[in-house]
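Chemist: Here you go, one structure.
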Amino acid sequence: MKKIALITGITGQDGSYLARHLLDLGYEVHGVKRRSSSFNTSRIDGIYEDVHSQHVRFFLHYGDLTDSSNLISLIAKIRPTEIYNLAAQSHVQVSFEMPEYTANVDALGTLRILEAMRLLGLSQTRFYQASTSELYGEVLQTPQNEDTPFNPRSPYAVAKLYGFYITKNYREAYGMFAVNGILFNHESPVRGETFVTRKITMAIARMLYGLQECLYLGNLDAQRDYGHAKDYVQAMHLILQHSQPVDYVVASGQTMSIREFSARCFAQVGVILEFQGEGLDEKGVVVGFKPSALFKEAMPFALHQVVIRVDPRYFRPTEVDLLLGDPSKIERELGWKRQYGIEELITDMLGSDLALAKKQALLA
Ligand code: NAP
Ligand code: G4F
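The sequence shown begins at 186 in the working numbering and counts up one residue at a time.
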């Protein structure tokens, strides 16, 4: 049978990696993009440019998760064999400012797709829901696995909780192949620029090329389980190929604080960083230098220079302090394996941001 995938959120980080992965596997890929007053396809433009022969297997459609009639007509026209629902208002802090919109897209948007599938009688179509480790919130067990109770801590997580359970409910009520991937944080060179990892790698690159003076961060104590988006989209595909509809945790099994992630990034460009002080007065200070494989140009930082400061504007009303996932079920049952460890992830992100900053500095 011809494999036809429909990806919502195609213009996002995961959508762009998943589209490439499925095209490589021979799929016909359809993506839903929102209408925007400026171009919002930078992450997928390369698909047209790089892979000319895949051109005819890659299609974009205008759509929005808040528009049921649009979703019904797209699904009826495309008749996908697999739907990956990656579209979301995905920023946790923004969800405190836009809780209703977040619920409309992340919760009801999921329902709208499931209802479209049910109404259209697409009983053979498989559905993947982008669930999240944020569901565990103020964690009730560590590490978190498929049996860990949820305890969400943000409007985003509460909306995603609805998405999780409505997916499970449609599976149980209507026998649909509808599954959740509970993915822990995954990053990449095309991670959104306001998520903390990318904010850090971009800031380091910009500081090295004289485009920025200091990096302002929020809660440095929060701990996250980080992987590479390239590995995680492979897990999404594997989950939909399983003989049974089963929900899986996808994680690295390691965690680190934002403080440690920052120090590791600085170390890769040859800067030894030490955190001094406490609370709002905590600072990241340059205390030494070492050779770097990534950055070989003249080092602009001085000893004792402050490169990180805390800004309470980035604190959240309620925080998720610790996420640490247990990926053993997906590794054991589906043979999922990660290619990227944390250092490889950082190298990939910094390498890309250094090249971007160098170009910007030349133009400045
Ligand atoms: P992302 O980069 O923020 O991408 C989100 C995508 O959703 C973008 O294509 C965005 O379009 C689209 N979108 C937003 N609102 C929409 C709407 N109303 N209608 C249609 N499309 C809409 O997110 P990501 O990191 O790729 O994550 C993909 C999914 O996995 C999300 O559902 C996220 O919540 C979930 N997730 C992510 C992680 C992670 O660590 N990355 C972990 C667990 C779960 P625009 O480009 O036009 O904004
Ligand atoms: O990078 P973040 O904004 O990601 P967060 O909140 O973990 O959410 C991401 O991962 C979830 C999976 O667990 C996804 F579901 C979700 O869609 C998204 O992709 O923040 C990570 C941590 C937080 O504890 C935050 O308080 O970093 C802390 N942080 C410290 N300073 C900061 C900053 N976060 C941001 N965005 N910006 C800061 O300056």
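Using N, Cα and C, we set each Cβ at its ideal position, and we do this for glycine too. Owing to the predicted nature of the structure, the values given are computational and were not obtained by experimental measurement.
1) Is the Cβ-Cβ distance between Thr352 and Asn365 less than 7 Å?
2) For the structure I just gave you, are there three or more beta carbon pairs, one from the segment 205–214 and one from the segment 277–286, closer than 8 Å?
3) Does the count of Cβ pairs from the segment 417–424 and the segment 362–376 closer than 8 Å reach three?
4) Measure the beta-carbon distance from Thr386 to Met534 and round it to whole angstroms, keeping in mind my assumption that it falls under 8 Å.
5) Of the residues His489, Val495 and Leu488, which one's Cα is nearest the Cα of Gly464?
6) Can you determine whether any heavy atom of the ligand NAP sits closer than 6 Å to the C-beta of Gly395, and answer yes or no?
7) Using the three-state DSSP reduction, which class does Glu319 fall into: helix, strand or coil?
8) Where Gln329 and Tyr499 are concerned, what is the direct C-alpha to C-alpha distance, given to the nearest angstrom?
9) Give me whichever residues DSSP pairs with His366 in a beta bridge.
10) How many angstroms separate the CA atom of His246 from the CA atom of Thr226?
11) Would you check if there are 3 or more beta carbon pairs closer than 8 Å linking the segment 390–398 to the segment 500–513?
12) Which partner residues does Ile389 have in the DSSP bridge list?
13) Considering only residues of the segment 212–273, which uninterrupted beta strand (DSSP E) runs meet the minimum length of 3 residues and lie entirely inside it, listed in chain order?
14) If you pair each beta-carbon of the segment 301–318 with each one of the segment 342–350, do three or more pairs fall below 8 Å?
15) Please state the DSSP three-state secondary structure of Gln309.
16) Could you tell me the distance, in whole angstroms, from the CA atom of Tyr313 to the CA atom of Leu299?
17) Are Val491 and Lys475 touching if we call contact CB-CB under 7 Å?
18) Within the chosen definition, does the segment 439–450 reach the segment 519–531 through at least 3 CB pairs nearer than 8 Å?
19) Nearest CA to the CA of Asp249: which residue from Arg219, Leu305, Met283 and Phe224?
20) Would you say the beta carbon of Ser275 comes nearer than 6 Å to a heavy atom of the ligand NAP?
21) For the ligand NAP, I want to know if Thr317 counts as a neighbour, meaning its beta carbon is within less than 6 Å of at least one of the ligand's heavy atoms.
22) Looking only at C-alpha atoms, which of Thr193, Thr382 and Asn289 sits nearest to Leu256?
23) At a threshold of 6 Å, does His371 count as lining the ligand NAP (C-beta to nearest heavy atom)?
24) Could you tell me the alpha carbon to alpha carbon distance between Ala414 and Ala436, rounded to whole angstroms?
25) Using the C-alpha atoms, what's the distance from Leu458 back to Gln545?
26) Helix, strand or coil for Met484, going by three-state DSSP, please let me know.
27) Closest to Glu489 by C-alpha separation, out of Val456, Glu213, Pro284 and Pro497, would be which residue?
28) On a CA-only basis, which of Ser477, Gly231 and Val381 is nearest Leu405? Give me that one, please.
29) Would you report the Cα separation of Gly294 and Asn270, rounded to the nearest angstrom?
30) First and last residue of the beta strand (DSSP E) that includes Leu458?
31) Ignore the nearest five residues each way along the sequence and tell me which others in His215's own chain have a CB closer than 6 Å to its CB.
32) Name the DSSP bridge partner or partners of Ile443?
33) According to the neighbour-count rule (16 or more other Cβ atoms, all chains shown, within 10 Å of its Cβ), is Glu323 buried or exposed?
Modeler: Taking the structure as given:
1) Taking the first residue of the sequence shown as 1, we reach residue 352 at position 167. Taking the first residue of the sequence shown as 1, we reach residue 365 at position 180. Yes. Within cutoff.
2) no
3) yes
4) By 1-based counting over the sequence shown, the position of residue 386 is 201. By 1-based counting over the sequence shown, the position of residue 534 is 349. Contact flag correct, Cβ pair sits at about 4 Å.
5) Position 279 of the sequence shown holds residue 464. With distances taken between Cα atoms, Gly464 lies closest to Val495.
6) On the sequence shown, position 210 is the one that residue 395 refers to. Not under cutoff, so the answer is no.
7) Along the sequence shown, read from residue 1 onward, the residue named residue 319 stands at position 134. Helix, per DSSP.
8) In the sequence shown, counting from the first residue as 1, residue 329 sits at position 144. In the sequence shown, counting from the first residue as 1, residue 499 sits at position 314. Their backbone Cα atoms lie some 26 Å apart in a straight line.
9) As a position in the sequence shown, residue 366 is number 181, starting the count at 1. Here the sequence assigns Gly to residue 366, which means His is not the residue at that position. For Gly366, which the question treats as bridged, DSSP gives the partners Ala315 and Tyr433.
10) Along the sequence shown, one-based indexing puts residue 246 at 61. Along the sequence shown, one-based indexing puts residue 226 at 41. Roughly 12 Å between the two C-alpha positions.
11) no
12) For the purposes of this step, residue 389 is taken as the residue at position 204 of the sequence shown. Per DSSP, none; premise fails for Ile389.
13) 213–218, 243–247 and 267–270
14) yes
15) Counting from one through the sequence shown, the residue named residue 309 turns up at place 124. Three-state result, Gln309: coil.
16) By one-based count along the sequence shown, residue 313 stands at place 128. By one-based count along the sequence shown, residue 299 stands at place 114. Approximately 10 Å, taken between the alpha carbons.
17) Taking the first residue of the sequence shown as position 1, residue 491 is located at position 306. Taking the first residue of the sequence shown as position 1, residue 475 is located at position 290. No; because the gap between Cβ atoms is not below 7 Å, this pair is not in contact.
18) yes
19) Here residue 249 refers to the residue found at position 64 of the sequence shown. With distances taken between Cα atoms, Asp249 lies closest to Arg219.
20) Residue numbering aside, residue 275 sits at position 90 when the sequence shown is read from its first letter. Yes - the ligand NAP has a heavy atom lying nearer than 6 Å to the Cβ of Ser275.
21) The residue given as residue 317 occupies position 132 in the sequence shown. True, at least one ligand heavy atom lies under 6 Å from that Cβ.
22) Within the sequence shown, the letter at position 71 stands for residue 256. Out of Thr193, Thr382 and Asn289, Thr193 has the C-alpha closest to the C-alpha of Leu256.
23) Taking the first residue of the sequence shown as 1, we reach residue 371 at position 186. True, at least one ligand heavy atom lies under 6 Å from that Cβ.
24) Sequence index remark: in the sequence shown, residue 414 carries index 229 (1-based). Sequence index remark: in the sequence shown, residue 436 carries index 251 (1-based). Going by the C-alpha atoms only, they are around 11 Å apart.
25) Residue 545 sits at position 360 when you count from the first residue of the sequence shown. Residue 458 sits at position 273 when you count from the first residue of the sequence shown. Between Gln545 and Leu458, the C-alpha separation is close to 25 Å.
26) By one-based count along the sequence shown, residue 484 stands at place 299. Looking at Met484 - three-state DSSP - the assignment turns out to be coil, as it is neither helix nor strand.
27) Position 304 of the sequence shown, counted from the start, is the residue given in the question as residue 489. Correcting the residue identity first, residue 489 is His in this sequence and not Glu. With distances taken between Cα atoms, His489 lies closest to Val456.
28) As a first step, residue 405 must be located in the sequence shown, where it is residue number 220. Checking every option, the nearest Cα to that of Leu405 belongs to Val381.
29) Within the sequence shown, residue 294 is the residue found at index 109, counting from 1. Within the sequence shown, residue 270 is the residue found at index 85, counting from 1. Rounded to whole angstroms, Gly294 to Asn270 spans 9 Å at the Cα level.
30) Residue mapping note: residue 458 aligns to position 273 of the sequence shown, counting from 1. Start and end: Val456 to Gln461.
31) In the sequence shown, the residue the question calls residue 215 occupies position 30. Once the five neighbours on either side are set aside, the close Cβ partners of His215 are Leu191, Phe244 and Ile263.
32) As a position in the sequence shown, residue 443 is number 258, starting the count at 1. According to DSSP, Ile443 bridges with nothing at all.
33) If you number the sequence shown from 1, residue 323 lands on position 138. Per the 10 Å Cβ criterion, exposed.
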